[in-house]
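Protein chains in written order, with this note's numbering: chain A, 20 to 356; chain B, 53 to 478. Beta carbons: idealized from backbone N, C-alpha and C, even for Gly. Since the structure is predicted, the reported quantities are computational estimates derived from the model, not experimental observations. Notes follow once the structure below has been shown.
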Amino acid sequence: MALHRLETGAWLVGLAVLLVAVALVSATIGPVSIPLRTVASVALSPLPWLSTTAPDTARTIVLQIRMPRIVLGAVVGFALAAAGTVMQGFFRNPMADPSIVGVSAGAATGAVAVIVTGISVPFGRPAAAFAGALVAAFGVYLIATEGGRTPVATLLLAGVAVQTFLGAVISYLLVYAGRQMNEAVYWLMGHLHNSTWPKAQAAFVVALPGVLLLHLFARDLNVLLLGEEDAHALGVDVERTKRVLLVLASLVTAAAVAVSGVIGFVGLVVPHVMRLLVGPDHRVLLPTSALAGASFLVATDTVARSGPAELPVGIVTAAVGAPFFLYLLRKREVHAL
Amino acid sequence: MTPAVDVSNLSVSLGGVSILDDVTTSVERGQFVGLVGPNGAGKTTLIRSLNGVLTPDAGTVLIEGERIHDLSSKAASRLVATVPQSPSLSFAFDVRETVEMGRMPHVDRFEGTTPADRDAVERAMERTDVTQFADRSITDVSGGERQRVFLARALAQETPVLLLDEPTSNLDVNHQIRTLELVRELADEGRTVVAAIHELDLAARYCDELRLLYDGTVRADGSPETVLSESNVERAFDTSAAVAENPVTGSTEVVALPDAAAATGHVHVVGGGGAAARYLYALDAAGYEVSVGAVNEGDTDASVADRLDCDAVTVPPYAPVDDEARAAVDERVRAADAVLVADVVVGSGNLPNLEAALAADSLVVVEGRPFAARNHAGEAAARTHAALRERGTVVGPDEAIEAVRAAVDHGNGGPRREDRPSPDRS
Chain A
20 MALHRLETGA WLVGLAVLLV AVALVSATIG PVSIPLRTVA SVALSPLPWL
70 STTAPDTART IVLQIRMPRI VLGAVVGFAL AAAGTVMQGF FRNPMADPSI
120 VGVSAGAATG AVAVIVTGIS VPFGRPAAAF AGALVAAFGV YLIATEGGRT
170 PVATLLLAGV AVQTFLGAVI SYLLVYAGRQ MNEAVYWLMG HLHNSTWPKA
220 QAAFVVALPG VLLLHLFARD LNVLLLGEED AHALGVDVER TKRVLLVLAS
270 LVTAAAVAVS GVIGFVGLVV PHVMRLLVGP DHRVLLPTSA LAGASFLVAT
320 DTVARSGPAE LPVGIVTAAV GAPFFLYLLR KREVHAL
Chain B
53 MTPAVDVSNL SVSLGGVSIL DDVTTSVERG QFVGLVGPNG AGKTTLIRSL
103 NGVLTPDAGT VLIEGERIHD LSSKAASRLV ATVPQSPSLS FAFDVRETVE
153 MGRMPHVDRF EGTTPADRDA VERAMERTDV TQFADRSITD VSGGERQRVF
203 LARALAQETP VLLLDEPTSN LDVNHQIRTL ELVRELADEG RTVVAAIHEL
253 DLAARYCDEL RLLYDGTVRA DGSPETVLSE SNVERAFDTS AAVAENPVTG
303 STEVVALPDA AAATGHVHVV GGGGAAARYL YALDAAGYEV SVGAVNEGDT
353 DASVADRLDC DAVTVPPYAP VDDEARAAVD ERVRAADAVL VADVVVGSGN
403 LPNLEAALAA DSLVVVEGRP FAARNHAGEA AARTHAALRE RGTVVGPDEA
453 IEAVRAAVDH GNGGPRREDR PSPDRS
């Protein structure tokens, strides 16, 4: 499917509008229902030339409670979908997701270790999770690299092995978790609870530049899909490009996982759906996936928090994403890449 | 002038196994050079070393004077473009997107494609005739079309040197020819082309020069005629082969033959005008000592005999079989264990050949088409041919060699078989 620049632009604008719309609607929903009009005027209030009037209570709820969560959800969805797109292209494997090189398992280990042991670290759990994610990804990379070359298949297997090992570590920690058990398990489920503006900012500061840099390598990702040898013959410095992609995708994923726990399926399903819609060209696929992922996570988190009891959003993404994915699979819409 | 491709003392091993050992060869600018050789000879490995994908154990590869393995992959990909043998297709890029990937070496990461890039893509697609399906998915086009798409991608790279790895494998004969015609044109326009080609006849027909690879190195190089000598082909491919000039294309043609059986005996063939060529190959391959004649110099049968190193009695072009030639033919008929009369066109000039064959002890007469249809020598010739039929075994073209075998082994297989019982029949 060839997309002209115009069509590409249309997709991006459309998805951006969708994201804003989803965010605004999401801000109206909650224990206190706030009219869309009020939400809009609050959202526009920072613009000095618009005089808006909104009740203070609504202002506080929208700006201090709902918006941080919505923005964080958008950033996490954006990051996970982008990283998933890159990993699927990188591994030429439709089952690849952002955590494939052990990023999520590493983050979970770091976070659970801090929760269970009660050690206090600077910047708290997100910092521990972020560090754990990067240590795990780097470890997988080192294990899979020999003589300056990192075969993708080895990387995949090393990632699976390290994830399994870290799974054991997490289980071991949970055995001794005692009263922290609930908290640790809740973290593992993936949630956007306790979202704050600083968390959203921290994730944003890593994820957005990361995804923009990844976008510079969209063309290389396309060529890598043809195989490494072909890519080399077309002038791609294969090993260097793989390193850059791996580092950036891991950073972006780590930024998301550190603030939200392990939210599954966003990074797997969204890229597949967008590939069906816009085709395999990463110059289009990567930004559209990222934007769609943002909308998807904001929407699912709205569902998660609007029920009688708040659910971890990870449950909702998996519960919604998996059946949809299976539907596509049955319709033979999803193949290899 | 420095050669476009200059390989010296190149040794490459894969997984510890030496594939290329001390290869030295070069290719002049604008030449189309074919790499030929048996499976596993290292043709693909040599291609992959020329584009810098494989790092050699020893030796150097200079492309346009630059050491390819010292260049960045980007710089290298501006000098050499490669058409892979079986490109990965686990994706659904459309044809234009695939061709556009050839611009990779020229596109700045921060600027994206420029009008110049788009022009180069359109030109490459135009050149390879893929424009009409530019918007189709690469997974939906036929094998021949796909080959052209990847050729277009290589053209879009705008490199002075083009490498092709088995560009004709998996293609039907029509697409093989179309692909190679196109590559030939590219070479004529000044590009240097190196292609691994499996089909020897096609390689001979389209390439300026060949390099014969086996046992890990270049064993012969030069024009197709010199490289594809019978002895070279037999050594490289470990099979019997006959090499001749294709009468249609005028290029060298290689015919692999079953292993020379240990058949012994002398067979004289009455041929002319190409009627005997196939029997000469087959009899030679079967191990017989073969003579032919009398034929006109330069006619197909004469040149085949020359290739096969058979004993040929010749007369000048268009000249009739004179007394001297007739005597030479008589001599060979007498010496022969069997005489094979191919279904030649008979005129007064070559009628003496048939008359000479009458003296044969053991005679096989091939009758593909009726004699009347190829007789231009009137009643006398008809009588002679009737006598030949009477005395010999009359067979169709496909049974000729079997009949000769029987004739040599057991005396004539014709009407006289009963008179001369063979030892194993008694």
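Please tell me whether D169/B has its Cβ less than 9 Å away from any Cβ of chain A. No - not a single Cβ of chain A is within 9 Å of the one on D169/B.
In chain B, what lies closer than 7 Å to H251/A by C-beta? Neighbours of H251/A in chain B, taken as residues at a C-beta separation under 7 Å, are given in chain order as V105, S125.
List the whole-angstrom C-beta distance separating R384/B from L415/B, where the pair is believed to meet the contact cut-off of C-beta under 8 Å. With 8 Å as the limit, R384/B and L415/B do not qualify as a contact, their Cβ atoms being about 14 Å apart.
Run through the region 322-357 of chain B for me and flag every whole alpha helix (DSSP H) of 4 or more residues, listed as ranges in chain order. Whole alpha helix (DSSP H) segments, 4+ residues: 329-338.
N- and C-terminal bounds of the beta strand (DSSP E) containing A432/B: First-last for A432/B: 430-443, but that is the alpha helix (DSSP H), not the beta strand (DSSP E).
C-beta atoms of L62/B and V75/B nearer than 9 Å: Yes; because the gap between Cβ atoms is below 9 Å, this pair is in contact.
Does P139/B come within less than 9 Å of chain A when only Cβ atoms are used? Closer than 9 Å to some Cβ of chain A, the Cβ of P139/B qualifies, so yes.
Assign E80/B to one of three DSSP states: helix, strand, or coil. E80/B falls in the coil class under three-state DSSP.
Under 9 Å, Cβ to Cβ, is there at least one residue of chain A near Q199/B? No, Q199/B lies away from the interface with chain A (no Cβ there is under 9 Å from its Cβ).
Uninterrupted alpha helix (DSSP H) stretches inside the region 21-55 of chain A (no shorter than 4 residues): Those alpha helix (DSSP H) runs which fall completely within the region 21-55 of chain A and span 4+ residues are 24-47.
Going along chain A, which residues have a C-beta under 9 Å from P136/B? Residues of chain A whose Cβ lies closer than 9 Å to the Cβ of P136/B are, in chain order, L245, G246, E248, D249, A252.
Could you tell me which residues DSSP pairs with Y266/B in its beta bridges? Bridge pairing for Y266/B: T269/B [DSSP].
Suppose the cutoff is 7 Å on Cβ atoms and the five residues either side in sequence are ignored; what does the same chain contact list for S308/A look like? Taken in chain order, the residues that qualify are A100, A101, T104, V289, P290, M293.
Quick check on G103/A - is its C-beta less than 9 Å from some C-beta in chain B? G103/A is outside the set of residues whose beta carbon lies under 9 Å from a beta carbon in chain B.
So, for A180/A: in the same chain, excluding its five sequence neighbours on each side, which residues have a beta-carbon less than 7 Å away from its beta-carbon? Spatial neighbours of A180/A in its own chain (CB-CB distance under 7 Å, excluding positions within 5 residues in sequence) are not present.
When you compare each of L98/B, D58/B, F84/B to I71/B by their alpha carbons, which one comes out closest? Among L98/B, D58/B, F84/B, the Cα nearest to that of I71/B is on L98/B.
Option in A313/A, V44/A, R302/A with minimal Cα separation from L235/A: That would be R302/A, whose Cα lies nearest to the Cα of L235/A.
Just to confirm, is the Cβ distance from E282/B to G274/B under 9 Å? The answer is no: Cβ separation not under 9 Å.
Which residues, in order along the region 255-274 of chain A, keep a beta-carbon less than 8 Å from a beta-carbon of chain B? Within the region 255-274 of chain A, the residues whose Cβ lies closer than 8 Å to any Cβ of chain B are, in chain order, V255, D256, V257.
Would you please state the rounded distance, in angstroms, between the beta carbons of R130/B and P157/B? I believe it to be under 8 Å. About 5 Å separates the two Cβ atoms, so the contact holds.
If you draw a straight line from the alpha carbon of L82/A to that of A338/A, how long is it in whole angstroms? Note on geometry: alpha-carbon atoms of L82/A and A338/A lie some 29 Å from one another.
Helix or strand or just coil, what does DSSP make of D146/B? It is a strand residue.
Out of curiosity, what's the CA-to-CA distance linking P90/B and H250/B? Straight-line measurement puts the Cα of H250/B at about 8 Å from the Cα of P90/B.
Is the number of C-beta pairs between the region 219-226 of chain A and the region 247-265 of chain A that are closer than 8 Å three or more? No, because fewer than three Cβ pairs between the region 219-226 of chain A and the region 247-265 of chain A fall closer than 8 Å, the two stretches do not touch.
Identify whether N103/B lies in helix, strand or coil by the three-state DSSP scheme. Coil, per DSSP.
Does R161/B get closer than 9 Å to chain A when you measure Cβ to Cβ? So, interface residue.
Assuming A146/A and A226/A form a contact by the criterion Cβ under 8 Å, report the distance between their Cβ atoms to the nearest whole angstrom. No, A146/A and A226/A are not in contact; Cβ-Cβ is about 16 Å, not under 8 Å.
Using only CA atoms, which one of G92/B, A206/B, D160/B lies nearest to A172/B? For A172/B, the nearest C-alpha among the options comes from A206/B.
Taking 8 Å as the cut-off, does the region 167-183 of chain A touch the region 255-273 of chain A (at least 3 CB pairs, one atom from each stretch)? Contact between the region 255-273 of chain A and the region 167-183 of chain A is established, with three or more Cβ pairs separated by less than 8 Å.
For P299/A, which residues in chain B fall below 7 Å Cβ to Cβ? Correct list: F143, A144, F145.
Just the Cα atoms here: how many angstroms apart are V347/B and G86/B? Whole-angstrom Cα-Cα distance: 35 Å.
Could you check if M153/B is buried or exposed, using at least 16 other CB atoms within 10 Å of its CB as the buried criterion? With 16 or more Cβ atoms within 10 Å of its Cβ, M153/B is classed as buried.
Three-state secondary structure (DSSP) at H1/A? This structure does not reach residue 1/A, given that chain A is present from 20 up to 356, and the question cannot be answered.
So with Cβ pairs under 9 Å, would you call S129/B a contact of chain A? At least one chain A Cβ lies under 9 Å of S129/B.
How far does the alpha helix (DSSP H) with N405/B in it extend, from its first residue to its last? Per DSSP, N405/B is one residue of the alpha helix (DSSP H) stretching across 403-409.
Closest residue to V154/A among A126/A, S279/A, P50/A (Cα-Cα distance): Checking every option, the nearest Cα to that of V154/A belongs to A126/A.
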